[in-house]
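Going left to right, the sequence shown walks through residues 57 to 549 as my numbering numbers them.
Heads up: the structure comes next, in structure tokens.
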Amino acid sequence: MPGLIENLQFQHSFASLPASFYTCLPPTPIPAPYLVGASKSAAALVGIDPAVLDKPEFIQAFAGNQLPLSARPLAQVYSGHQFGVWAGQLGDGRALLLGDLSARDCPPSGRLEVQLKGSGPTPYSRMADGRAVLRSSIREFLCSEAMAALNIPTSRALCVIGSDQRAMREEPETTAVVTRLAPSFVRFGSFEHWFYNDRTEELRTLADYVIDCFYPELRVDHNPYQALLREVTRRTAHLIARWQAVGFMHGVMNTDNMSILGLTIDYGPYGFMEAFNARHICNHSDQGGRYAYNMQPQIGRWNCFALGQALLPLIGTVEDTQAALEIYQPEYAGMLDRLLHAKLGLRTVEAGDDGLLNRMFAVMEANHVDFTRFFRLLGELRMDGPGTDDALRDEFIDRAAFDVWALEYRQRLRQEHSNDELRRLAMHAVNPKYVLRNYLAQDAIEKAQHGDFSGVANLLAVLEHPFDEQPEHAGYAALPPDWASQLEVSCSS
């Protein structure tokens, strides 16, 4: 049968770099592994037959216990700024890259790297145990697949393999290995590592590798390194705009967590906005609010400047480096404007739209309105006046304030001769009904910690179709229960 684990043929693109870029070592086996969850759509990307996802050979392979013969596990070295402070050398402290597999729908390389997270200590573990706990592994697995279904650039997650082996966090927790997929796991911090160690040749080698594998069209540019920075800056700006438009907060936007391909990677203390608060901080460890929701655009730009600093020796001049970075703000603003117009069902752009949007967010924040529910219910609004939007109106404490804004919104719709039904279809195609709320993840985690993995499977099935009505699963779109306000996620999550 094609797609069996022993038939996987890993190639080793990253391992073609000099040995200073990584350390080869095997994963540390985990005892008595079992399947917690698997994504059939992620498996299909790399040609793994869904029929083998619960087979012992699959479980042993992606636990790191019995790897396919073609795998060549290695841990990458990188550095980075963490919470704005230079942290020095970091690296894959609990992850191992097995190699890359042929993948569909993955231009330009046509391949996806396969990485085990939680597979044991590496030379970059900094005295840590190299393990991932079940809680954080389920969170990464579910959010990776949820973000992909939301059409937001992201790493993917193939599976979570659990074990009753325990690791100490705030308290002892069972461990797990999550398998991540991405065209590349090279980060901004991968370039910073060589820049701050004053090793320009390695810096150039890495830049050439990234350009040749993932940005081959840039090779003909008169300054391909400047072109690389410009394209990464553009992709990063677009990614952050997509986060803002769906209410996603990453939580730890350190430069070692920023993808050189503009992907969402390294899911930890993330969160989706519920009661709208532009200053919301999803990471309990972020005492200063550096990575709050309204700070993400600014931090994205800061991180691009950090990458620009690292690439300066290759680009040549400060002026050329700054020229590449100047596109961040207009690209971010342009993308966010397009996304917000689509979320409101507006086909045209008018001079007063910024005011309409600003007043919308202000009344949402004043009334603590749920971000996802607001935009989904807004698609049901009709132009023939109040009474057609009672469900949305009931989301507001101050209904009169909503009425004032809704009157303005209806006038704007009439201005472009909007059609209620066509607008509803268009808005529901971009405003999800279902997102991965922390309380939903927590419920699935608690069941899994007691050996019941149905919550993970059921939640994944809903999140794979976030724009569909799925009336049988409407409870997953409900307002969070009172106990959810007590949930905290931190860098250990």
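Where a beta carbon is used, it is the ideal one built from N, C-alpha and C, also for glycine.
Just so it is clear, the structure is predicted and the values come from calculations on it, not from any experiment.
**Asked** To the nearest angstrom, how far is it from the Cα of Gly532 to the Cα of Tyr490?
**Response** Sequence inspection shows Tyr at residue 532; the Gly mentioned does not correspond to that position. Taking the straight line joining both Cα atoms gives about 7 Å.
**Prompt:** With respect to the alpha helix (DSSP H) encompassing Tyr323, which residues constitute its N-terminal and C-terminal limits?
**Reply:** Looking at the DSSP string, Tyr323 is not in any alpha helix (DSSP H), and its letter there is neither H nor E.
**Asked** Using CA coordinates, which residue listed in Pro106, Leu284, Glu257 is at the minimum distance from Asp268?
**Response** Leu284
**Item:** N- and C-terminal bounds of the beta strand (DSSP E) containing Gly218
**Value:** Its beta strand (DSSP E) spans residues 212 to 224.
**Request:** State whether the region 141 to 154 contacts the region 209 to 227, with contact taken as three or more CB pairs (one from each stretch) at a distance under 8 Å.
**Result:** no
**the region 333 to 350 / the region 367 to 383 touching (three or more Cβ pairs under 8 Å)** = They do not touch, by the three-pair rule.
**Message:** So, at 7 Å on beta carbons, what are the nonlocal neighbours of Phe431 in its own chain, with the 5 sequence-adjacent residues on each side left out?
**Reply:** Lys399, Asn487
**Asked** Going along the chain, which residues of its own chain have a beta-carbon closer than 6 Å to the beta-carbon of Ala293, five neighbours each way excluded?
**Response** Tyr384, Glu387, Tyr388
**Prompt:** Which residues in the same chain have their Cβ closer than 8 Å to the Cβ of Asp66, if we skip the five residues on either side of it in sequence?
**Reply:** First, the residue type needs correcting, since residue 66 is Phe and not Asp in the sequence shown. For Phe66, where only same-chain residues beyond five positions count, the Cβ hits under 8 Å are Pro124, Ser126, Ala127, Arg128, Leu154, Gly155, Asp156, Leu157, Val170.
**Asked** When you compare only the Cα positions, how much space is there between Ala232 and Glu472?
**Response** 53 Å
**Message:** Just verifying my parser: in three-state terms, what is the DSSP assignment at Tyr281?
**Reply:** DSSP, reduced to helix, strand and coil, places Tyr281 within a helical segment of the structure shown.
**Message:** For Ala331 and Pro112, I'd like the C-alpha separation in whole angstroms.
**Reply:** 43 Å
**Request:** Throw me the rounded Cβ distance for the Leu237 and Val102 pair, which I believe falls under 8 Å.
**Result:** 7 Å
**Request:** Please confirm if the region 131 to 146 is in contact with the region 180 to 192, defined as three or more CB-CB distances below 8 Å between the two stretches.
**Result:** yes
**Three-state class that DSSP yields for Leu314 in the structure shown** = Looking at the sequence shown, residue 314 is not Leu but Met. For Met314, the three-state secondary structure derived from DSSP is strand.
**Prompt:** Looking at the structure shown, is Arg493 part of a helix, part of a strand, or coil, going by DSSP?
**Reply:** coil
**Prompt:** By how many angstroms is the C-alpha of Gly511 removed from the C-alpha of Ile501?
**Reply:** 8 Å
**Request:** Whole angstroms is fine: what's the gap from Glu201's alpha carbon to Ala94's?
**Result:** Distance between the alpha carbons of Glu201 and Ala94: 10 Å.
**Prompt:** Taking the alpha helix (DSSP H) that Lys96 falls in, what are its first and last residues?
**Reply:** 96 to 101
**Message:** Among Ala362, Gly443, Ser69, whose alpha-carbon lies nearest the alpha-carbon of Glu248?
**Reply:** With distances taken between Cα atoms, Glu248 lies closest to Ala362.
**Asked** With burial defined as no fewer than 16 other Cβ atoms inside 10 Å of the residue's Cβ, what is the status of Asn414: buried or exposed?
**Response** exposed
**Asked** What separation, rounded to the nearest whole angstrom, lies between the Cα atoms of Ser549 and Asp440?
**Response** Note that Ser549 has pLDDT 49, beneath the 50 cutoff, so the model's placement of it is unreliable and no number is given.
**Cβ distance (whole Å) where Tyr347 is taken to contact Gly307 below 8 Å** = 6 Å
**Request:** From the DSSP output, read off the bridge partner residues of Leu130.
**Result:** Cys80, Leu153
**Asked** By how many angstroms is the C-alpha of His424 removed from the C-alpha of Ser192?
**Response** 28 Å
**Prompt:** Three or more C-beta pairs closer than 8 Å, one from the region 458 to 475 and one from the region 510 to 528: is that the case here?
**Reply:** no
**Limits of the unbroken alpha helix (DSSP H) element including Lys111** = From DSSP, Lys111 is part of no alpha helix (DSSP H); its letter is neither H nor E.
**Item:** Inter-stretch contact at 8 Å, needing at least 3 Cβ pairs: the region 198 to 218 / the region 248 to 268
**Value:** no
**Prompt:** CB-CB under 8 Å to Gln354, same chain, minus the five flanking residues each way: which ones, in chain order?
**Reply:** Excluding residues within five positions, none has a Cβ falling inside 8 Å.
**Asked** Among Ile217, Phe70, Trp142, which one has its Cα closest to the Cα of Ser175?
**Response** Ile217
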